[in-house]
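Asks: Here's a structure for you.
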Amino acid sequence: MRIVSTSYSKTDEFTHPQKWLERISFYTGLLEELGKEHEVISIERINYEGELEQNRVHYHFIKLKNKVTRFPFKMHRFIKKMKPDVVFVNGFIFPLQIIQLRWKLGKKTRIIVLHRSEKPSKELNKWLQKIADKKVDAYLFSSNEFAKDWRDIIDEQKMHEVIQASSSFQPGDKNIARESLSIKGSTVLLWVGRLDQNKDPLTLIKAFKQFQQDQPQAVLYIIYQSDELINECRELIGANENIRLVGKVEHDQLENWYGAADFFISSSHYEGNGIAALEAMSCGCVPVLSSINSFRRMTGPGKCGLLFEPGNVSGLLQALKKANELDREAEKEKVLQQFREELSFEAVARKINRVITIVKNG
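When we follow our numbering, the leftmost residue of the sequence shown carries the number 551, and every step to the right adds one.
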């Protein structure tokens, strides 16, 4: 079977294909896993044009002028030329393009749309979504709770709960990881994200400072990719030497950080797939996460880690205290088992193959 994966948005800042594939490794790993059973072609839109074969996936880089192409005739001609059995469309915000794609491909090819944390649009787009729904064979949501927002727009029978990302990171030796990063402390906590309102680092810092009163040897490392709330964070941290603002870390170096930490914290109010939490869990880092749709799905809920109400300092503090009382090695094994069975590339590919079977036989 031939699968073609595509998106209608463009990322201009990337000019090197390998760098781009590393950036989206949380998704390309899934394509590579599907490539064990199918022929997989992925159409990528960055500031580059060419082809690349990598781990059973054939990547085509198409250079189009607009960031979002409303009438992608060139791309659709190319997709039709590939003669796909199934097309993955990344994103729920392209109903006009999906309508055109169906016209171009005809009825035989199956179209599966992947939810990328989008919320229902304004009235015009809702109208287009309802028309596009008749052209779509299946939708993948990382959590059934996300699907609830779309049930008055798209066919509920087409919805499937399948996370569309994972991690290739592996658990390593904690002592070696800490030594390489010069990390000291009896309890090491790690937070990775943007310093913005949604990721909510201020709740994190407030809770950790209270946790530290009983656990003075605990250390919190904050890795951030953007710094909207950096001044507020620094003011809260003050002279506290056990809270370290690390700054930006290259993606391939994060594996070492996850391996060095005892607990991974996310204080987000909203996440689509929660890539950082996935990566942390793949390394056996015990998750302490805000109780939002994606994180409840990732952790069971209740199979591993701990959850707390978003924005609740007291809730996070209590979760940290409970986490600190856990048998860390036993909890690590629970985390790794949950990752292998539900969140790994192999597990996700099995679920997607079941959806493909359903739509092909439907």
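For each residue, glycine too, the CB sits at the ideal point set by N, CA and C.
Only a predicted model underlies this, so the values are computations on that prediction, with no experimental measurement involved.
Round the Cβ separation of LEU867 and GLN760 to the nearest angstrom and send it over; I've been treating them as touching at under 8 Å.
Replies: Within the sequence shown, numbered from 1, the residue matching residue 867 stands at position 317. Within the sequence shown, numbered from 1, the residue matching residue 760 stands at position 210. Their Cβ separation, rounded to whole angstroms, is 5 Å, which keeps LEU867 and GLN760 in contact under 8 Å.
Asks: I'd like the list of long-range same chain contacts for TYR689, defined as Cβ closer than 6 Å, with 5 residues on each side in sequence excluded.
Replies: As a position in the sequence shown, residue 689 is number 139, starting the count at 1. VAL663, LYS708 and MET709, listed in sequence order.
Asks: Check whether the stretch 842-859 and the stretch 811-827 touch, using three or more Cβ-Cβ pairs below 8 Å as the test.
Replies: Short answer: they touch.
Asks: Go through its chain and collect everything with a Cβ distance to ILE733's Cβ below 6 Å, but skip five positions before and after it.
Replies: Your numbering for residue 733 matches position 183 in the sequence shown. The residues are ALA810.
Asks: Between LYS676, GLU583 and CYS835, which has its C-alpha nearest LEU876's C-alpha?
Replies: The residue you call residue 876 lines up with position 326 of the sequence shown. That would be CYS835, whose Cα lies nearest to the Cα of LEU876.
Asks: Whole beta strand (DSSP E) runs in the stretch 646-681 with 3 or more residues, listed along the chain?
Replies: Listed in chain order, they are 660-664.
Asks: Check whether the Cβ atoms of THR561 and LEU571 sit closer than 7 Å, and answer yes or no.
Replies: Residue mapping note: residue 561 aligns to position 11 of the sequence shown, counting from 1. Residue mapping note: residue 571 aligns to position 21 of the sequence shown, counting from 1. Not closer than 7 Å, so no.
Asks: Look up SER716 in the DSSP assignment and say whether it is helix, strand or coil.
Replies: Sequence index remark: in the sequence shown, residue 716 carries index 166 (1-based). Correct three-state label for SER716: coil.
Asks: In this structure, how does DSSP classify GLU603 when only helix, strand and coil are distinguished?
Replies: The residue labelled residue 603 in the question sits at position 53 within the sequence shown. DSSP places GLU603 in strand when its eight states are reduced to three.
Asks: Tell me where the alpha helix (DSSP H) around TYR808 begins and ends.
Replies: Along the sequence shown, read from residue 1 onward, the residue named residue 808 stands at position 258. Note, TYR808: alpha helix (DSSP H), 801-810.
Asks: CA-CA distance, LYS685 and VAL554?
Replies: Taking the first residue of the sequence shown as 1, we reach residue 685 at position 135. Taking the first residue of the sequence shown as 1, we reach residue 554 at position 4. Cα-Cα distance, rounded: 17 Å.
Asks: Since VAL905 is in the alpha helix (DSSP H), which residue starts that stretch and which ends it?
Replies: Looking up residue 905 in the sequence shown gives position 355. Counting along the chain, the alpha helix (DSSP H) containing VAL905 begins and ends at 895-911.
Asks: Can you grab the Cα-Cα spacing for the pair TYR774 / LYS658, in whole Å?
Replies: Within the sequence shown, numbered from 1, the residue matching residue 774 stands at position 224. Within the sequence shown, numbered from 1, the residue matching residue 658 stands at position 108. Taking the straight line from one Cα to the other gives about 45 Å.
Asks: What separation, rounded to the nearest whole angstrom, lies between the Cα atoms of ASN792 and PHE758?
Replies: Here residue 792 corresponds to residue number 242 of the sequence shown, with the count starting at 1. Here residue 758 corresponds to residue number 208 of the sequence shown, with the count starting at 1. Taking the straight line joining both Cα atoms gives about 10 Å.
Asks: Could you tell me the distance, in whole angstroms, from the CA atom of ILE574 to the CA atom of PHE621?
Replies: Along the sequence shown, read from residue 1 onward, the residue named residue 574 stands at position 24. Along the sequence shown, read from residue 1 onward, the residue named residue 621 stands at position 71. So the alpha carbons of these two residues sit roughly 25 Å apart.
Asks: How would you label THR907, buried or exposed, when you count the other beta carbons within 10 angstroms and need 16 or more for buried?
Replies: As a first step, residue 907 is located in the sequence shown; it is residue number 357 there, counting from the start. Answer is exposed; the Cβ neighbour count stays below 16.
Asks: For ALA873, tell me which candidate among PRO751, CYS854 and PHE623 has the shortest Cα-Cα distance.
Replies: Start at 1 with the first residue of the sequence shown, and residue 873 comes out as number 323. Nearest option by C-alpha distance: CYS854.
Asks: Is it true that the CB of ASN694 sits closer than 7 Å to the CB of GLU711?
Replies: Here residue 711 refers to the residue found at position 161 when the sequence shown is read from its first residue. Here residue 694 refers to the residue found at position 144 when the sequence shown is read from its first residue. Yes, Cβ-Cβ distance for GLU711 and ASN694 is below 7 Å.
Asks: Between which two residues does the beta strand (DSSP E) containing PRO837 stretch?
Replies: On the sequence shown, position 287 is the one that residue 837 refers to. PRO837 -> beta strand (DSSP E) spans 836-840.
Asks: When you compare each of CYS833, VAL905 and LYS615 to ALA727 by their alpha carbons, which one comes out closest?
Replies: Within the sequence shown, numbered from 1, the residue matching residue 727 stands at position 177. Residue CYS833 is the option with its Cα nearest to ALA727.
Asks: Give the secondary structure of ALA826 by DSSP, where H, G and I count as helix, E and B as strand, and everything else as coil.
Replies: The count along the sequence shown starts at 1 and reaches residue 826 at position 276. In the structure shown, ALA826 sits in a helix (DSSP, three-state: H, G or I).
Asks: Taking its Cβ as the centre, do 16 or more other Cβ atoms sit within 10 Å of MET723, making it buried, or is it exposed?
Replies: As a working mapping, residue 723 is identified with position 173 in the sequence shown. Here the sequence assigns Asp to residue 723, which means Met is not the residue at that position. Exposed, since its Cβ has fewer than 16 Cβ neighbours within 10 Å.
Asks: Would you tell me roughly how many angstroms separate the C-alpha atoms of TYR771 and LYS680, rounded to the nearest one?
Replies: By 1-based counting over the sequence shown, the position of residue 771 is 221. By 1-based counting over the sequence shown, the position of residue 680 is 130. Spanning the two alpha carbons is a distance of roughly 45 Å.
Asks: Report the three-state DSSP secondary structure of MET541 (helix, strand or coil).
Replies: A question about residue 541 goes unanswered here, because the residues of the chain that appear run from 551 up to 912.
Asks: Beta carbon of LEU754, beta carbon of TRP741: below 7 Å?
Replies: Within the sequence shown, the letter at position 204 stands for residue 754. Within the sequence shown, the letter at position 191 stands for residue 741. Yes, the pair counts as a contact, with Cβ atoms nearer than the cut-off.
Asks: Can you give the beta carbon distance from ASP683 to ARG552, rounded, assuming they're within the 8 Å contact cut?
Replies: Against the sequence shown, residue 683 aligns to sequence position 133. Against the sequence shown, residue 552 aligns to sequence position 2. Their Cβ separation, rounded to whole angstroms, is 24 Å, which puts ASP683 and ARG552 out of contact at 8 Å.
Asks: Taking MET848 as part of the alpha helix (DSSP H), name the residues at either end of that continuous run.
Replies: The residue you call residue 848 lines up with position 298 of the sequence shown. 843-849 is the extent of the alpha helix (DSSP H) around MET848.
Asks: For ASN694, which three-state DSSP category applies?
Replies: Counting from one through the sequence shown, the residue named residue 694 turns up at place 144. ASN694 falls in the helix class under three-state DSSP.
Asks: Helix, strand or coil for ALA688? Go by DSSP, reduced to three states.
Replies: One-based indexing of the sequence shown puts residue 688 at position 138. Residue state, collapsed to three classes: strand.
Asks: Let me confirm a value: ARG701 is counted as buried when at least 16 other C-beta atoms fall within 10 Å, else exposed. Which label applies?
Replies: Position 151 of the sequence shown holds residue 701. ARG701 is exposed by the Cβ-count criterion.
Asks: Note down, in chain order, each residue of its chain lying with its Cβ closer than 7 Å to the Cβ of GLU582, except the 5 sequence neighbours on either side.
Replies: Locating residue 582 in the sequence shown gives position 32, counting from the first residue. Hits under 7 Å: ASN605, ARG606 and VAL607.
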